[in-house]
Amino acid sequence: MRSLSISPWAFGENTPPSCRRYTARRNPWAWDRTCLVRISPGTQPVPTGQILPHTELTEENGMSIQGPKTSALFKKAKAVIPFGVNSNFRYWGDDDTLIATRGEGAYVWDADGKRYIDYRLGFGPIILGHGYPAVVKRVQEAIQDGTVFAWTTPYEIELCERIARMCKVDKVRLTNSGTEATMHALRIARAHTGREKFVKFEGQYHGMTDYFMFSTASASPKSLGSKHSPINVQATSGIPRGISQYVINLPFNDFERLEETIKAQWGDIAAVFVEPMLGNAAGIMPKPGYLERMRELCDQYGIVLVFDEVKTGFRIANGGAQEYFNVRADLATYAKAMGNGFPIAAIAGKEDVMMTIEPGAMAHGGTYSGNVVGTVAAVATLEILESEPILDAINQRGRALMSGIREILTEADIPHVLTGLPPMFGIILGCDQEPQDFREYFKGDGELYEKLAIELILRGVQPDGDAREPWFLCYALSDEDVDETLNVFNDAIKAAKE
């Protein structure tokens, strides 16, 4: 079998924690079958939906989904960048990692000129569309007067006021990435409560900070132990041994287990961190009442409830998951959609918790926090979201796409369930029961989805190759794009079944 990638997490299931290291293994792109070649030397750019004939994909014949220009650029990238990428999640293997040269609206183009309808959207930050003119123009105008001052700017004030209004929070601090936002939120919760441990949930990802790199979406069900006695599964090497003692991982949607844990350890627990829907496990939704009961439990024991809204914020509702589920957290973290692809993030929440960030007491800072580029982009993006029916349009097209996919899969006699919400949804093949937690996600046929993803990409429709990552939609996606996607999906699932 030809492996098409190295896992971004890169651990074998049985590797002892003490000696885990990056190793090549089968992950989301490796599959043993006759494959399709997307483009070959000397061909013209291939339009969406068009592919070249079946060709055996082997190490010997050297075929890949890269075109010649992409291949040449990737070799240059590998010469100066480890594995040719600046995030392990982007590495699909030496012959299959693509290079983007531009994006516009709902489309992205590779270095060989092939256009893709983009449902990856940079892992979710593109909410309006690539290079959205109104946002780009505002940024271009603003940066003429400088970008970083180490002073507060009017743009920061306007952005924080807008976030506070849209998300119904009291105070806001700005930072630059989701990882930074969750890192600071954990420190705030610890400083506010004087406690050190925190609860998170299996399969959830809260950025690259050491404390959060346990039992993420990289873990296998077997490695997690029993639901009644979960094991912290380390997701990367390089973490000090003592870190895991502060982390309590629990199954999602199991309120009884959460209640039991908090009652037993509440004096040590500073925070409960939760993605309100599982952004790295196909968008699994909370059970009715689950988040409400979580809120009540945190109130009862003086624990800070933190909603990680890096993916859901400004995407599933203008006010994010707190608005959609009508549950108010003590703290929330935002990034991705708030800047439509520009680097910007925020920590926001209740006044008493946020005011823990006191100079001389609890540290929060960053040279680029509140920089003009990201701040102005976020002001422009949120202004558009507030003033125009952006999410209504995304929901309408998302519902049409989900409905069409269900029809195609039913016609193909493939058991399936679509999880999540129209702006970000997952497709699980091979089962018809909606999973309630990360462990149940693995009841699906991951290999069939991998084949489907390859066939879609070969035809110019770009989801992520891993079924755990949701399909993301942007406002620029048209009804015609949805129709084209469904036509391609119909062909792709037939090819994947062969």
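Numbering of the sequence shown is given in our numbering, commencing with residue 215 and proceeding in unit increments.
We put the CB at the ideal spot given by N, CA and C, even for glycine.
Every value quoted in this text rests on a predicted model; they were computed, and no experiment measured them.
Distance between residue j and residue i (C-alpha atoms, nearest Å)
{"i": "P637", "j": "F686", "result": "6 Å"}
{"i": "L691", "j": "C645", "result": "29 Å"}
{"i": "P296", "j": "A485", "result": "36 Å"}
{"i": "A356", "j": "I619", "result": "42 Å"}
{"i": "L287", "j": "N302", "result": "18 Å"}
{"i": "S391", "j": "G417", "result": "20 Å"}
{"i": "I445", "j": "T633", "result": "26 Å"}
{"i": "T475", "j": "H420", "result": "21 Å"}
{"i": "Y321", "j": "P465", "result": "37 Å"}
{"i": "I313", "j": "W306", "result": "11 Å"}
{"i": "V413", "j": "L666", "result": "35 Å"}
{"i": "Q647", "j": "K657", "result": "9 Å"}
{"i": "V541", "j": "I642", "result": "28 Å"}
{"i": "D544", "j": "M569", "result": "12 Å"}
{"i": "E600", "j": "G452", "result": "43 Å"}
{"i": "D606", "j": "D482", "result": "43 Å"}
{"i": "Y333", "j": "M616", "result": "13 Å"}
{"i": "E664", "j": "I622", "result": "17 Å"}
{"i": "T423", "j": "Y548", "result": "16 Å"}
{"i": "V362", "j": "Y582", "result": "7 Å"}
{"i": "I628", "j": "F639", "result": "18 Å"}
{"i": "E669", "j": "A378", "result": "43 Å"}
{"i": "L342", "j": "N554", "result": "6 Å"}
{"i": "I279", "j": "D308", "result": "10 Å"}
{"i": "N769", "j": "Q610", "result": "With the chain covering 215 to 712 only, the question about residue 769 has no answer from this structure."}
Same chain, Cβ closer than 6 Å to residue i, five either side skipped, listed in chain order
{"i": "I604", "result": "Y689"}
{"i": "G584", "result": "E370, L388"}
{"i": "A626", "result": "I707"}
{"i": "E712", "result": "none"}
{"i": "R653", "result": "P435"}
{"i": "E372", "result": "V593"}
{"i": "L635", "result": "I530"}
Three-way DSSP call (helix, strand, coil) for residue i in this model
{"i": "T447", "result": "A small fix is needed here, since residue 447 is Val in this sequence, not Thr. Looking at V447 - three-state DSSP - the assignment turns out to be coil, as it is neither helix nor strand."}
{"i": "P711", "result": "Inspection of the sequence shows that residue 711 is occupied by Lys rather than by Pro. Correct three-state label for K711: helix."}
{"i": "Y548", "result": "strand"}
{"i": "I341", "result": "coil"}
{"i": "Q280", "result": "coil"}
{"i": "R682", "result": "coil"}
{"i": "K665", "result": "helix"}
{"i": "T526", "result": "coil"}
{"i": "N494", "result": "coil"}
{"i": "W365", "result": "coil"}
{"i": "W306", "result": "coil"}
{"i": "K382", "result": "coil"}
{"i": "T650", "result": "Per the sequence presented here, residue 650 reads as Gln, with Thr not at that position. Coil, per DSSP."}
{"i": "Y425", "result": "helix"}
{"i": "D659", "result": "coil"}
{"i": "E372", "result": "helix"}
{"i": "I561", "result": "strand"}
{"i": "H398", "result": "helix"}
{"i": "S601", "result": "helix"}
{"i": "E506", "result": "helix"}
{"i": "R329", "result": "strand"}
{"i": "N463", "result": "strand"}
Assumed close pair residue i, residue j - CB separation to whole angstroms, cut-off 8 Å
{"i": "G674", "j": "R329", "result": "6 Å"}
{"i": "V488", "j": "D522", "result": "7 Å"}
{"i": "H406", "j": "V518", "result": "6 Å"}
{"i": "M552", "j": "G527", "result": "6 Å"}
{"i": "A496", "j": "Y655", "result": "6 Å"}
{"i": "T311", "j": "V299", "result": "7 Å"}
{"i": "A575", "j": "A562", "result": "That pair is no contact at about 20 Å."}
{"i": "G493", "j": "P684", "result": "7 Å"}
{"i": "G360", "j": "V586", "result": "7 Å"}
Beta-carbon proximity list for residue i, same chain, < 7 Å, skipping 5 on both sides
{"i": "D705", "result": "R673"}
{"i": "Y425", "result": "L400, I457, Y460, V461"}
{"i": "Y515", "result": "I476, W480"}
{"i": "H578", "result": "R387, H398, I571"}
{"i": "I331", "result": "T262, A320, Y321, G674, V675, Q676, D695, E698, T699"}
{"i": "K283", "result": "A325, D326"}
{"i": "A348", "result": "A594, I598"}
Own chain partners of residue i with C-beta closer than 8 Å, once the 5 adjacent residues on each side are dropped
{"i": "R352", "result": "V590, A591, V593, A594"}
Cβ of residue i within 8 Å of any chain D Cβ
{"i": "E537", "result": "Of the protein chains in this structure there is only one, and it is not chain D."}
contact_flag[the segment 557-569, the segment 582-602] where n(CB pairs < 8 Å) is 3 or more: yes
Would you say the segment 424-432 touches the segment 497-509, given that touching needs at least three Cβ pairs under 8 Å? no
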